[in-house]
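Remarks on the structure that follows.
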Amino acid sequence: MGILWTIIIGFLAGIVAKFLMPGRDPGGFIITTLLGIAGAFVATYLGAAVGWYRPGEGAGFIGAIVGAVVILAIYRMIAGRRTTV
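What the sequence shown shows, in the numbering used here, is residues 859 to 943, in sequence order.
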């Protein structure tokens, strides 16, 4: 149930991250949503490693949004570099 909850939170965080970082993404809405899910997983495991969350506890919505924004920014840097070369 924890992984399913992380996916749902990540989906919503991906949508919010898209609104916080407007612009043209090379992958569109679906890639942005998948990056949001990845951001939620990164926030969950990084937060557990740092001690913010207990093992098995998912990241909060704000943590998932921060993770999604960070991953989206990294994705834009990498994908933007590939398309201009």
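Just so it is clear, CB atoms sit at the ideal spot from N, CA and C, and this is done for glycine as well. A quick note: this is a predicted structure, and the numbers were derived from the prediction, not measured.
Selection 933, 867, 934, 936 evaluated against residue 899 yields 867 as nearest (Cα-Cα).
In this structure, the CA atom of residue 892 is about 21 angstroms from the CA atom of residue 906. Secondary structure note for residue 903: its alpha helix (DSSP H) is the uninterrupted segment 886 to 908. Rounded to whole angstroms, the Cβ separation of residue 897 and residue 928 is 7 angstroms, and the two are in contact under 8 angstroms. Pairing residue 872 with residue 909, the inter-Cα distance amounts to about 24 angstroms. Look at residue 911 here: in three-state DSSP terms it is coil, with no helix or strand label. Nearest C-alpha to residue 923 among 878, 862, 861, 863: 878.
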